[in-house]
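Colleague:
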Amino acid sequence: MLGFLQRIGKALMLPIAVLPAAGLLLRFGQPDLLNIPFIANAGNAIFANLALIFAIGVAMGFAKDNNGAAALAGAIGYLVLTEGTKAIDKNINMGVLGGILTGIIAGLLYNRFRDVKLPEWLGFFSGRRFVPIITSVAMVILAGIAGFVWPPIQDAINGLGNWIIGLGAIGSGLFGFLNRLLIPLGLHHVLNSLFWFQFGEFQGKTGDIARFFAGDPSAGGYMTGFFPIMMFGLPAAAFAIIAAAKPEKRKSVSGMFIGLALTSFLTGITEPIEFSFMFIAPLLYGVHAVLTGLSMWLTSILGIKDGFTFSAGAIDYVLNFNIAHKPLLLLLVGLVYAVIYFVIFYGLIKAFNIKTPGREDDDAAEVSQAADQCTVGSNKYETMAYHFIQDIGGRENITTIDNCTTRLRLNIKDMDQVKDSSLKAHGAKGIMKLNKNNLQIVVGTEVEFVADAMKKIDMNQVNFAVSPEAAPSAEVTGKQPLTGNDFVMPIEGEIIPLSDVPDQVFSQKMMGDGFGIVPSNGSVVSPVDGEILNVFPTKHAIGIRSKQGYEILIHIGLDTVNLKGEGFTVLVKEGEQITKGQEILKFDLDFIKKSVPSSVTPVIFTNLTSLNIKTHGQTEQGKSGILSIE
8 MLGFLQRIGK ALMLPIAVLP AAGLLLRFGQ PDLLNIPFIA NAGNAIFANL ALIFAIGVAM
68 GFAKDNNGAA ALAGAIGYLV LTEGTKAIDK NINMGVLGGI LTGIIAGLLY NRFRDVKLPE
128 WLGFFSGRRF VPIITSVAMV ILAGIAGFVW PPIQDAINGL GNWIIGLGAI GSGLFGFLNR
188 LLIPLGLHHV LNSLFWFQFG EFQGKTGDIA RFFAGDPSAG GYMTGFFPIM MFGLPAAAFA
248 IIAAAKPEKR KSVSGMFIGL ALTSFLTGIT EPIEFSFMFI APLLYGVHAV LTGLSMWLTS
308 ILGIKDGFTF SAGAIDYVLN FNIAHKPLLL LLVGLVYAVI YFVIFYGLIK AFNIKTPGRE
368 DDDAAEVSQA ADQCTVGSNK YETMAYHFIQ DIGGRENITT IDNCTTRLRL NIKDMDQVKD
428 SSLKAHGAKG IMKLNKNNLQ IVVGTEVEFV ADAMKKIDMN QVNFAVSPEA APSAEVTGKQ
488 PLTGNDFVMP IEGEIIPLSD VPDQVFSQKM MGDGFGIVPS NGSVVSPVDG EILNVFPTKH
548 AIGIRSKQGY EILIHIGLDT VNLKGEGFTV LVKEGEQITK GQEILKFDLD FIKKSVPSSV
608 TPVIFTNLTS LNIKTHGQTE QGKSGILSIE
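Numbering (the working numbering), first residue to last: 8 to 637.
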């Protein structure tokens with residue numbers, strides 16, 4: 008049942024995604040902005056047909072391959088259902104719930120009948136063409152039943168909505184509290200659909216969002232209180248996490264959490280921040296849920312009214328400033344909430360020694376996983392997808408792959424195969440094991456690209472830059488300074504910044520800091536005194552550990568893994584002690600230039616995030632003084 012409800016929550020994301028466009032059109036067309044009625048009417052048309060849009064979007068969301076035939080079936084099914092029920096009782100209004108119900112049925116029927124084969128004389132209607140037909144039949148039957156069953160259900164829903172609305176500030180606070188509590192289960196979207204799109208009516212508009220933009224003075228009670236949380240509270244919590252981080256980790260934590268705080272402030276997308284502490288610190292999340300409920304209650308008590316089409320971020324706040332009630336007071340509440348969140352989060356983290364990001368105990372195994380990267384295809388999303396699949400136990404352990412705004416939603420056969428630390432090392436911002444089969448991985452706003460890559464990637468044809476099986480482990484303790492004389496140029500050629508290496512895995516420092524070399528000849532010497540950690544089977548890369556404890560990857564060219572060792576001669580073996588300047592590898596530079604996209608050779612410190620490069624341009628092999636590490 009939980010998995011089914013989560014599928015509903017995921018399916019709701021597609022139709023909800025159209026609301027920002029509708030809100031922009033509706034607002035820009037108003038007299039206080041551009042005063043162009045046809046633009047306002049265009050936006051209003053989307054709100055007026057939300058139920059139909061939900062039927063289409065939910066049907067596609069439930070369809071296994073998101074095919075348009077499911078969307079068509081959803082639209083037809085909704086029209087059949089609504090007109091059929093009205094013929095029985097003209098007062099029936101199933102609203103958005105009717106659209107959601109139709110979309111679920113259409114999506115399930117699509118999955119069941121998309122490959123159906125009819126007799127040859129009916130062959131034209133086989134497969135996907137059969138889905139709208141069977142959906143129409145099903146909805147005719149449902150309309151006949153709903154015509155008599157729905158009126159008391161409709162009365163009960165309206166009664167529940169009116170009762171909650173009648174609670175005033177208490178009802179708003181209760182909604183805010185439950186909204187946050189349901190996020191770990193992914194069920195808050197189901198709750199939101201009732202409050203934002205169903206409960207309450209004003210001039211034919213239902214739900215808090217549509218009523219707010221229709222000018223209902225009582226609307227906004229289930230949206231306003233989120234602005235202090237998303238624009239001020241959670242960004243302040245992010246800065247509290249930064250302030251509480253260990254000094255040596257604060258810089259790396261800042262790089263991530265400042266971006267997350269800005270995202271929350273501008274757009275109202277908060278899940279990446281929330282999942283950073285949700286499971287490692289349930290106390291913090293409980294406090295967060297209570298503070299959200301109190302914010303909803305307080306803004307209602309103060310008579311503040313505001314709304315949004317996407318989320319309670321600064322963008323929606325600015326757009327709706329002129330139609331909000333007491334918007335400046337809302338900012339004051341937000342500033343107070345920023346102080347409250349920072350003080351409470353920082354105090355609790357310190358008092359209970361909560362292991363928020365940047366406060367974890369050093370774990371060499373986990374850090375080593377961060378260096379365990381590979382180039383798969385052409386971008387970072389395919390790289391992340393490959394590692395996620397490996398960390399989950401392989402494709403054979405995954406039943407379904409879905410996603411919402413910021414999370415992967417996976418159905419897993421064996422949860423024991425899931426490696427939490429590896430997932431986090433490869434980019435997961437949070438992990439939720441809802442039960443023995445349902446797994447959610449927080450990725451962020453780029454989750455859709457990762458999900459698509461996971462569905463498409465061929466795990467048997469992977470272009471490795473670093474082999475997962477042989478990736479060097481990273482030591483996080485015991486490293487000593489590496490002076491200019493301790494490191495020499497491994498290959499004669501031109502030193503270029505790592506950002507100029509034409510491969511995102513290297514240029515974006517996913518594997519560590521370093522530099523690139525445009526080689527002039529095919530000889531490689533060891534840049535340091537140390538040990539050969541690993542020689543890759545395809546001979547195109549060698550991992551070295553210096554005597555100071557730094558791990559260095561020398562990767563000859565890009566996509567050279569496809570050469571399967573041709574053009575390379577390895578002169579050392581794994582475990583061998585080497586000295587600075589000792590020749591360790593030869594390669595045919597002319598052959599490589601003709602065979603792969605680039606001969607540029609990244610030199611990466613896989614257990615280091617910052618490096619002081621002192622030399623650029625053409626540099627002879629064996630030259631010292633090109634970099635240092637303090």
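No residue lacks a Cβ here, since even glycine has one placed at the ideal position from N, Cα and C.
Buried or exposed for Gly354, going by 16 or more other Cβ atoms inside 10 Å?
Modeller: Here residue 354 refers to the residue found at position 347 when the sequence shown is read from its first residue. With fewer than 16 Cβ atoms within 10 Å of its Cβ, Gly354 is classed as exposed.
Colleague: So, for Ile620: in the same chain, excluding its five sequence neighbours on each side, which residues have a beta-carbon less than 8 Å away from its beta-carbon?
Modeller: For the purposes of this step, residue 620 is taken as the residue at position 613 of the sequence shown. Answer for Ile620: Ile502, Pro504, Phe522, Ile633 and Leu634, listed in chain order.
Colleague: Taking the beta carbon of Gln3 as the centre, do at least 16 other beta carbons fall within 10 Å, making it buried, or is it exposed?
Modeller: The requested residue 3 is not part of the displayed model; the chain covers only 8 to 637.
Colleague: Over the uninterrupted beta strand (DSSP E) stretch that includes Lys549, give me the two end residues.
Modeller: Within the sequence shown, numbered from 1, the residue matching residue 549 stands at position 542. Rather than Lys, the amino acid found at residue 549 in this sequence is Ile. That run of the beta strand (DSSP E) goes Ala548 to Ser553.
Colleague: Taking the alpha carbon of Lys71 as the reference point, which residue from Val542, Lys462 and Ile563 has its own alpha carbon closest?
Modeller: Numbered from 1 along the sequence shown, position 64 holds the residue referred to as residue 71. Out of Val542, Lys462 and Ile563, Lys462 has the C-alpha closest to the C-alpha of Lys71.
Colleague: Looking only at DSSP bridge pairs, what is Pro504 linked to?
Modeller: Counted from its first residue, the sequence shown places residue 504 at position 497. For Pro504, which the question treats as bridged, DSSP gives the partners Phe522.
Colleague: Check Ile633 in the structure and name its three-state DSSP category.
Modeller: Along the sequence shown, one-based indexing puts residue 633 at 626. If DSSP states are grouped into helix, strand and coil, Ile633 belongs with coil.
Colleague: What would DSSP say about Ser602, mapped onto helix, strand or coil?
Modeller: Locating residue 602 in the sequence shown gives position 595, counting from the first residue. Residue state, collapsed to three classes: helix.
Colleague: Could you spell out the range, first to last residue, of the beta strand (DSSP E) harbouring Leu592?
Modeller: For this step, residue 592 is matched to residue 585 along the sequence shown. Here the beta strand (DSSP E) through Leu592 covers Glu590 to Phe594.
Colleague: Which of the three DSSP states is assigned to His562 in this structure?
Modeller: Numbered from its first residue, the sequence shown carries residue 562 at position 555. Residue state, collapsed to three classes: strand.
Colleague: May I ask you to list the residues that DSSP assigns as paired with Met422?
Modeller: The residue given as residue 422 occupies position 415 in the sequence shown. Met422 is not bridged to any residue.
Colleague: What does DSSP give as the partner residues of Arg416 in its beta bridges?
Modeller: Within the sequence shown, the letter at position 409 stands for residue 416. For Arg416, which the question treats as bridged, DSSP gives the partners Asp409 and Gln447.
Colleague: Less than 8 Å between the CB atoms is what I'm expecting for Val532 and Gly588, so what's the real figure, rounded?
Modeller: One-based indexing of the sequence shown puts residue 532 at position 525. One-based indexing of the sequence shown puts residue 588 at position 581. Between Gly588 and Val532 the Cβ distance is about 5 Å, and since that is below 8 Å, they are a contact.
Colleague: Roughly how many whole angstroms lie between the Cα atoms of Ile160 and Met303?
Modeller: To locate residue 160, count along the sequence shown from 1; it is residue 153. To locate residue 303, count along the sequence shown from 1; it is residue 296. Distance between the alpha carbons of Ile160 and Met303: 28 Å.
Colleague: Assign Gln205 to buried or exposed, taking buried as 16 or more other Cβ atoms, counted over all protein chains shown, within 10 Å of its Cβ.
Modeller: Counting from 1 along the sequence shown, the entry for residue 205 is found at position 198. So Gln205 ends up on the buried side.
Colleague: By how many angstroms is the C-alpha of Ile551 removed from the C-alpha of Glu255?
Modeller: Translated into the one-based positions of the sequence shown, residue 255 becomes position 248. Translated into the one-based positions of the sequence shown, residue 551 becomes position 544. About 25 Å.
Colleague: By DSSP, does Asn541 sit in helix, in strand, or in coil?
Modeller: Stepping through the sequence shown from its first residue, residue 541 is reached at position 534. DSSP places Asn541 in strand when its eight states are reduced to three.
Colleague: Please state whether DSSP places Glu643 in a helix, a strand or coil.
Modeller: No answer is possible for residue 643: the residues shown for the chain start at 8 and end at 637.
Colleague: Should the region 53-69 be regarded as contacting the region 97-117, the criterion being three or more beta carbon pairs within less than 8 Å?
Modeller: Yes, they touch.
Colleague: Can you list, in chain order, the residues of its chain whose CB lies under 6 Å from that of Gln376, leaving out five sequence neighbours each side?
Modeller: Your numbering for residue 376 matches position 369 in the sequence shown. Confidence is the limiting factor: at Gln376 the pLDDT is only 41, short of 50, which leaves the residue's position unreliable and the question unanswerable from this model.
Colleague: Residues bridged to Glu453 by DSSP?
Modeller: Numbered from its first residue, the sequence shown carries residue 453 at position 446. Glu453 pairs with nothing; no bridge assigned.
Colleague: Return the residue from the list Ile356, Ala145, Gly50 and Ala345 that minimises the CA-CA distance to Gly84.
Modeller: To locate residue 84, count along the sequence shown from 1; it is residue 77. Residue Ala145 is the option with its Cα nearest to Gly84.
Colleague: Could you say which of Asn73, Pro488 and Ile190 lies nearest to Leu116 if we only look at CA atoms?
Modeller: Walking along the sequence shown from the start, residue 116 turns up at place 109. For Leu116, the nearest C-alpha among the options comes from Asn73.
Colleague: Could you pull out every residue in the same chain whose Cβ sits closer than 8 Å to the Cβ of Val577, ignoring the five residues on either side in sequence?
Modeller: Walking along the sequence shown from the start, residue 577 turns up at place 570. Taken in chain order, the residues that qualify are Val542, Lys546, Ile549, Ile591 and Leu592.
Colleague: How about Ser506 and Gly564: do their beta carbons lie closer than 8 Å?
Modeller: For this step, residue 506 is matched to residue 499 along the sequence shown. For this step, residue 564 is matched to residue 557 along the sequence shown. Contact flag unset, no.
Colleague: How close, in whole Å, do the beta carbons of Gly50 and Ile43 come, if the pair is a contact with beta carbons under 8 Å?
Modeller: In the sequence shown, residue 50 corresponds to position 43, counting from 1. In the sequence shown, residue 43 corresponds to position 36, counting from 1. Rounded, the Cβ-Cβ distance is 11 Å, inconsistent with contact.
Colleague: Taking 8 Å as the cut-off, decide whether the C-beta atoms of Gly134 and Arg121 are in contact.
Modeller: Taking the sequence shown and counting its residues from 1, one reaches residue 134 at position 127. Taking the sequence shown and counting its residues from 1, one reaches residue 121 at position 114. Going by C-beta atoms, Gly134 is nearer than 8 Å to Arg121.
Colleague: Here's the rule: buried if 16 or more other CB atoms are within 10 angstroms of the residue's CB, otherwise exposed. What is Lys580?
Modeller: Here the question's residue 580 lines up with position 573 in the sequence shown. Exposed is the call here.
Colleague: Given that a residue counts as buried once 16 or more other Cβ atoms are within 10 Å of its Cβ, and exposed if not, what is Val495?
Modeller: Working through the sequence shown from its first residue, we reach residue 495 at position 488. Classification of Val495: buried, given that the 10 Å Cβ count is 16 or more.
Colleague: Going by DSSP, what residue range makes up the alpha helix (DSSP H) through Val103?
Modeller: If you number the sequence shown from 1, residue 103 lands on position 96. Note, Val103: alpha helix (DSSP H), Gly102 to Phe120.
Colleague: Among the candidates Glu90, Ile60, Gly91 and Thr89, whose CA atom is the shortest distance from the CA of Ala77?
Modeller: Along the sequence shown, one-based indexing puts residue 77 at 70. Of the candidates Glu90, Ile60, Gly91 and Thr89, the one whose C-alpha sits nearest the C-alpha of Ala77 is Ile60.
Colleague: What residue range is occupied by the uninterrupted alpha helix (DSSP H) comprising Val531?
Modeller: Start at 1 with the first residue of the sequence shown, and residue 531 comes out as number 524. Counting along the chain, Val531 falls outside any alpha helix (DSSP H), though it belongs to the beta strand (DSSP E) covering Ser530 to Val532.
Colleague: List the endpoints of the continuous beta strand (DSSP E) containing Pro609.
Modeller: Here residue 609 refers to the residue found at position 602 when the sequence shown is read from its first residue. Unbroken beta strand (DSSP E) run through Pro609: Thr608 to Phe612.
Colleague: What does a CB cutoff of less than 8 Å around Asp514 pick up in its chain, not counting 5 residues either side in sequence?
Modeller: The residue given as residue 514 occupies position 507 in the sequence shown. Checking the sequence shown, residue 514 turns out to be Ser, not Asp. Once the five neighbours on either side are set aside, the close Cβ partners of Ser514 are Leu505, Ser506, Asp507 and Val508.
Colleague: Who pairs with Leu489 in a beta bridge, going by DSSP?
Modeller: Taking the first residue of the sequence shown as position 1, residue 489 is located at position 482. Ile636.
Colleague: Check for me: the beta strand (DSSP E) holding Ile642 runs from which residue to which?
Modeller: There is no way to answer for residue 642, as the model of the chain reaches only from 8 to 637.
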